[in-house]
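Everything below concerns the one structure shown next.
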Amino acid sequence: MRMKYVLSEVLVGLWRNVTMTIAMIITMAVSLFMLGGSGLLYQKVGDMKDLYYENVEVSIFLKTDATKEQVDALGQQLGQDPLVKDSTYVNKEQAYERFQQMYADAPDLVSAVKPDQLPESYRVKLNDPEQYKAIYDKYKATEGIDTIVDQSKLLDKVFGVLSGFQNGALAIATVMAIAALLLVANTIQVAAYSKRREVAVMKLVGASNWFIQAPFVLEAVVAGLFGSILGLLALIGVKVVAAGSSMAALEGLITPISWSEIFLTFPLMAAVGGVVSAVTAWVTLRFYLRV
1 MRMKYVLSEV
11 LVGLWRNVTM
21 TIAMIITMAV
31 SLFMLGGSGL
41 LYQKVGDMKD
51 LYYENVEVSI
61 FLKTDATKEQ
71 VDALGQQLGQ
81 DPLVKDSTYV
91 NKEQAYERFQ
101 QMYADAPDLV
111 SAVKPDQLPE
121 SYRVKLNDPE
131 QYKAIYDKYK
141 ATEGIDTIVD
151 QSKLLDKVFG
161 VLSGFQNGAL
171 AIATVMAIAA
181 LLLVANTIQV
191 AAYSKRREVA
201 VMKLVGASNW
211 FIQAPFVLEA
221 VVAGLFGSIL
231 GLLALIGVKV
241 VAAGSSMAAL
251 EGLITPISWS
261 EIFLTFPLMA
271 AVGGVVSAVT
281 AWVTLRFYLR
291 V
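Sequential numbering from 1 applies to the sequence shown in UniProt numbering.
Shown next, in the form of structure tokens:
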């Protein structure tokens with residue numbers, strides 16, 4: 001009987017303040033959408049870092065007048081270096097083949113460059129890609145070496161931009177979460193004020209605070225759960241739109257977000273929406289019932 005009363009009061013409360021309820025659901029949906037999106041973005045950037053850093057190389061370019069002894073000595077030194085996972089020697093012909101593949105769309109440039117003009121090099125994979133500085137300091141003065149290039153420096157710029165998107169998404173999600181909390185608190189206050197006489201009578205007849213607070217708290221929880229559902233639908237919409245747009249061409253560069261990852265964010269979004277709404281409503285009513 002008590003549960004039936006509580007549930008009926010929840011439905012009445014949601015319908016009585018329908019405009020504020022809708023506003024609360026939409027605000028919660030936007031904040032949870034941003035939260036879920038930023039969480040997925042963090043995960044994907046982490047996956048991308050692991051993927052790219054696993055294949056990143058340090059290129060050690062040799063001088064055009066490097067002797068065979070210098071080249072062999074460098075190869076032997078790299079093979080014994082504990083920082084080096086693997087090293088591959090690239091001669092002028094192999095370098096020219098790579099050059100042709102990289103600039104296949106620019107035949108004039110390819111025809112203007114001869115194999116003898118490209119330097120020999122060692123392509124080095126490190127056990128820890130972040131140890132590039134140690135490799136650079138160790139080999140920069142070695143005879144026969146012209147320049148040392150680390151691919152991870154270019155990747156750091158890309159990941160710096162992605163990290164900016166991460167932080168921006170989290171900042172927006174935080175602002176929207178604060179707005180949602182204030183709206184939840186305001187909605188609960190209005191609902192409690194509209195039923196102040198019923199609350200006063202219930203307190204006079206000995207009803208517990210929990211029994212009085214339960215309908216209001218459940219109203220906030222229901223709104224939070226509806227908001228999480230809308231947030232999930234928004235993520236699905238973004239996934240569908242992205243898959244059918246020019247962004248689909250980036251899947252070879254950017255780790256794609258799978259459907260399972262999107263749906264696995266829903267329990268987190270629902271938990272955050274429900275728990276945060278419930279706690280906000282409970283704290284608000286604690287102050288109200290003291291009056």
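Virtual Cβ for every residue (Gly too), placed ideally from N, Cα, C.
Quick caveat, the model's predicted, so the values are computed rather than measured.
One thing to note: V272 has its Cβ no nearer than 9 Å to the Cβ of L62.
Only buried fits S277, as 16 or more other CB atoms lie within 10 angstroms of its CB. The region 24-34 and the region 87-97 do not touch, with fewer than three beta-carbon pairs separated by less than 8 Å.
Taking C-beta atoms as the reference points, L109 and K92 fail to come closer than 9 Å. Just measuring C-alpha positions, the residue of I148, V175 and L74 sitting nearest D137 is I148. The alpha carbon of V238 has as its nearest neighbour, out of V175, F33 and M24, the alpha carbon of F33. In the DSSP assignment, L62 falls within the beta strand (DSSP E) that extends over V58 to L62.
DSSP places L78 inside the alpha helix (DSSP H), whose first and last residues are K68 to Q80. In the DSSP assignment, I145 forms a beta bridge with L62. No Cβ-Cβ contact shorter than 9 Å links L218 with I25.
DSSP places Y103 outside any alpha helix (DSSP H), giving it a letter other than H or E. Per the coordinates, the alpha-carbon of A112 lies some 19 Å from the alpha-carbon of E120. Rounded to whole angstroms, the separation of the alpha carbons of L268 and Y122 is 47 Å. Distance from the CA atom of A234 to the CA atom of M48, rounded to whole angstroms, is 24 Å. Annotation for E143: Q70 place their beta carbon closer than 6 Å to its own, counting only its chain and skipping 5 residues before and after. If you check the CB distance, A270 and V184 do not come in under 9 Å. With contacts defined by Cβ atoms closer than 9 Å, T187 and A134 do not form a contacting pair. With fewer than 16 other Cβ atoms inside 10 Å of its own Cβ, I178 counts as exposed. The residues T265 and L268, in chain order, have a CB closer than 8 Å to that of G39 in the same chain once the five nearest residues on each side in sequence are set aside.
Counting of Cβ neighbours within 10 angstroms places E57 among the buried residues, the total reaching 16 or more. Counting along the chain, the unbroken alpha helix (DSSP H) around K138 starts and ends at Y132 to Y139. Distance check between D65 and each of L78, D146 and A95 places D146 closest, using alpha-carbon atoms only. By DSSP's assignment, S260 forms no beta bridge with any residue. The alpha-carbon of P215 is positioned some 39 Å away from that of V241. One Cα belongs to Y96, the other to P256, and the distance between them is close to 33 Å.
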